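Residue numbers for the sequence shown follow our numbering, so the first one is 455 and each next one is one higher.
Even glycine gets a Cβ: it sits at the ideal position worked out from N, Cα and C.
All values derive from a computational prediction rather than experimental measurement.
Reading through the structure tokens given below for one structure.
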Amino acid sequence: MSLFDLLTVVGFGFGTALTIILFSLSMQRMPKRPVDIAFGILFLAFIFWFGSNFIAVLVNFLMGSVARPEINVLLLLAYLGLCITPSSLLHIQIASLLNSGQLESRLSKRHILILSSLYIPAVIFIILYASQFFSLTNATPGKSHLISTPFIIWMLISMTASAAFSEKLIKILEHVADRRFYRDMTYVLSFIGLGVVFIYIFSFHRLPYIGPYLDLIMLLSPALPMGVLLYYVYRYNFYRLIVKPSLVYSILYGLFMAVYLLGIRRVGEYLRQFPEINADLIEGLLLIALVFAFQPFRSAFHRQLDKLFFKDRYYYQQFLRELSDSISSIVDLEELMQAIRKSLIQTLQVRECIIVIFTVDNDQAEIIKSTGHGHVSDLQLLINAVQATAHFRLRRQIHDHRVMAALRINQLTLAVPINYQEQLHGLICLEQKESGNVFSDEELDVLQTFSNQIGLAFENARLVQERLELIGRIYQSEKLYSLGQLATTLSHEIKNPLSSIKTIIQVLHEKAEGEEKTDLSLVLDEILRLQAITGKLLSFARPAGTNIERLYVQKIIQDVAALLQHQAKQAKISLQLFLDSVPPIEAKPQAIREIVYNLMLNAIQSIPSQGEVDVFLKIVYLNMEPRFQLFKKHPLPSSILKLEVKDTGSGIAPEMIGKIFDPFYTLKTKGTGLGLTIVKRNVEELGASIEVESTLGKGSTFTVNIPLNNDQQDSYAKMQNPHR
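Okay, structure coming up:
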């Protein structure tokens, strides 16, 4: 077998394998779009071209001229595929424009007519070649017997138009990988077009010795765009096709077979010219060496393939492994979520990553914490779909119709479940990749393994945070207990002498006249202020009482407002109440009174002169609120009683808001710094929460959120609808 024959067998065999792989991949894609059908026609044409030539070469070697009719039929089928190729190239470009949205996405009758007309030249050339083929007596595979000048011109027109269409697609396509593909295809088509001109127009294929090889190169040149396409499919999942690594290894096996046929066999044939050399032994040793070299070469080939051609995929796997090791040391939940989000965006090159941690109770999800700039519009639908397919692996789960529908509604590409002890605790929601490519199987497998580690990391962070919060509460309790003991001692030591002093000063004040009476009035005012301070100290030191009663918060607000109305009028402050009819709650009356009194008094005292203090009381349903997690130590209720005290005072600086609840911290010259401390203590004992919003120079809003139990919610519903 000559070198030309070996190149013919290997070349057409390689082209056949390549096109069969691509054709089988294109047939697996569902649903099929116009561009998928166009690619399928091109792949089928190349299967006819390469496959028929390959079989014809083998038949010619095995049977020679005896099988001339069969060889002619095979070559006719090969040229049938070649005739279809220019038309299918144009078909692909027009279908790509349809797919990109530049033309109407639906195939109209006009589009079908245009696409059908592209194949008229193919039909003409097929009829022309069929009429000539059976008259040939010396047609052999690997030679361009019937490539005529009209067909060459038609090929050049097709490739030129395809290159022009590719340039247009490069400008309008959104994804980088798509633009790169059409740019590279432009280069490949230009190269093949120049080869056709030089080799066939200038008759270089008729040159002695080198001519047949140039002719063979052009006959095998359709494998070049197929190789480029396979590269983009493997690296970028081009047109959503996924190539298994086993297919790449199949090509590697073919290369080793070519090494044997073109190398070892040729060496053996050469050595047989020398009788003193045992050519069979040397050929056998070389074959054994090739077999033993295959596995190391395969491993090295795989590593270099990933590093050189697929380095993004190689480095993201390595990066995710490093991230898995590093997240175990992060104990702050917010910091952990941010680190994971930034790492996934950077590694996977996605447009956005949203991480949502939630609890599921009675088939309803309540968000605990989330991070990311995107928005999950229907989280419950997505959770239901993920839970329904929890027994699937991630690569199968994303193709389930329920998950696909939920992802489409939420404008997401992928939702990775975060599980701990077989319970769903969160989702990693990924938007589309910047390149527009789909997630590969390798990426999905790594993400699935990584998500299980994330579940454990989140649980560890939660346990550490709970322990830190417990330690903080114990420390705060001990500090408050010590301060309470100190306050009790000081109050008792001051209260009795102060009462005696007050009595004496009152007697002297009644007998005094003139300037002396005025001075005693000032002393009496200061004594009253000191008594108020000692009263606050005692209130801080002792609990608000242990008797829990059924009470109406609006009644307490009205009583406190009546008590403070005179003070508000003196300061020219408008005190207004906006109280809804709300059901009674079970609480300590003194605790509620202290909360309301201190918040309203604090609001009045924060206004230097003239202003407004508004008090609101209403029921709020949590599913109507933008934030869900209000209570850290208690289960989430479905509705709350919200008390708001809003003032137009001087406001609080942002850096001071975190300190205003600390004991003895005050921003007022005559304040004790205990009012808000008492409020916070009573709020926490009530199982409620308190929030502060303040703008410096404009005022503050203090909001107390009191959870309602089921009975209280039913009472409110009956108040709203008495005929229910």
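- Here the alpha carbon of GLU723 sits roughly 15 angstroms from the alpha carbon of ASP459.
- When DSSP reads this structure, ALA819 sits in a beta bridge with VAL814.
- Inclusion of ILE1046 and ASN1136 in the CB contact set at 9 angstroms is warranted, their separation being smaller than that value.
- Per DSSP, the unbroken beta strand (DSSP E) holding HIS879 starts and ends at 877-884.
- With contacts defined as CB atoms closer than 9 angstroms, GLY467 and MET680 fail to qualify as a contacting pair.
- Taken in chain order, no unbroken stretch of beta strand (DSSP E) lies wholly in the stretch 525-582 with a span of 3 residues or more.
- In this model, PRO1037 and PRO1161 are separated by some 12 angstroms (Cα to Cα).
- In the DSSP assignment, ALA842 falls within the alpha helix (DSSP H) that extends over 833-842.
- Excluding its 5 nearest sequence neighbours in each direction, VAL642 has C-beta neighbours in its own chain below 8 angstroms: LEU678, PRO679, VAL682, listed in chain order.
- Note that the stretch 1061-1078 touches the stretch 1016-1030; at least 3 beta-carbon pairs, one per stretch, sit closer than 8 angstroms.
- Of the candidates ILE601, SER478, GLU1040, the residue whose Cα lies closest to the Cα of GLU1003 is GLU1040.
- Residue state for ARG847 is assigned as coil, using DSSP reduced to three classes.
- Of the residues LEU529, SER570, LYS796, the one whose Cα lies closest to the Cα of HIS545 is SER570.
- Spanning the alpha carbons of GLU806 and GLY909 requires a straight line of approximately 20 angstroms.
- With 16 or more other CB atoms across the displayed protein chains lying within 10 angstroms of its CB, MET609 is buried.
- By the CB criterion at 9 angstroms, LEU922 and LYS956 fall outside the cutoff.
- In chain order, VAL814, ILE837, VAL840, GLN841, ALA844, PRO871, ILE872 place their CB closer than 8 angstroms to the CB of LEU878, counting only its own chain and leaving out the 5 sequence neighbours on each side.
- A distance below 7 angstroms between beta-carbons, with the five flanking residues on each side excluded, links ILE574 to no residue of its chain.
- One alpha carbon belongs to GLY535, the other to GLY596, and they sit about 15 angstroms apart.
- With contacts defined by Cβ atoms closer than 9 angstroms, SER550 and VAL630 do not form a contacting pair.
- For ALA1041, DSSP records a beta bridge to GLU1003.
- Under the Cβ criterion (8 angstroms, minimum of three pairs), the stretch 650-662 does not count as touching the stretch 902-917.
- Counting the other Cβ atoms within 10 Å of the Cβ of VAL651 gives fewer than 16, which makes it exposed.
- For the set ALA966, SER1143, THR640, GLN818, the Cα lying nearest the Cα of PHE1115 is the one of SER1143.
- Annotation: the continuous alpha helix (DSSP H) that includes SER506 extends over 506-517.
- Under DSSP, PHE1070 forms a beta bridge with PHE1032, GLU1098.
- DSSP places ILE606 within a helical segment (H, G or I) once states are collapsed to three.
- Per DSSP, TYR874 is one residue of the beta strand (DSSP E) stretching across 868-874.
- Sequence-distant partners of ASP832 (beyond 5 residues in either direction) whose C-beta falls short of 8 angstroms from its own C-beta, in its chain, are ALA860, ILE863, ASN864.
- Put simply, the backbone Cα of LEU924 is about 44 angstroms away from that of HIS853.
- For the 9 angstroms CB-CB criterion, ASN1056 and VAL1099 form a contact.
- Distance from the Cα of ILE811 is smallest, within the candidate group SER889, LEU741, GLN792, PHE748, for GLN792.
- By the CB criterion at 9 angstroms, PHE504 and ALA521 fall outside the cutoff.
- Excluding sequence positions up to five before and after ASP638, its CB lies within less than 6 angstroms of the CB of VAL682, all in the same chain and listed in chain order.
- Just so you know, the alpha carbons of ILE525 and ILE580 end up roughly 17 angstroms apart.
- Beyond the five residues adjoining it in sequence on each side, GLU628 comes within less than 8 angstroms, by CB distance, of GLY890 in the same chain, given in chain order.
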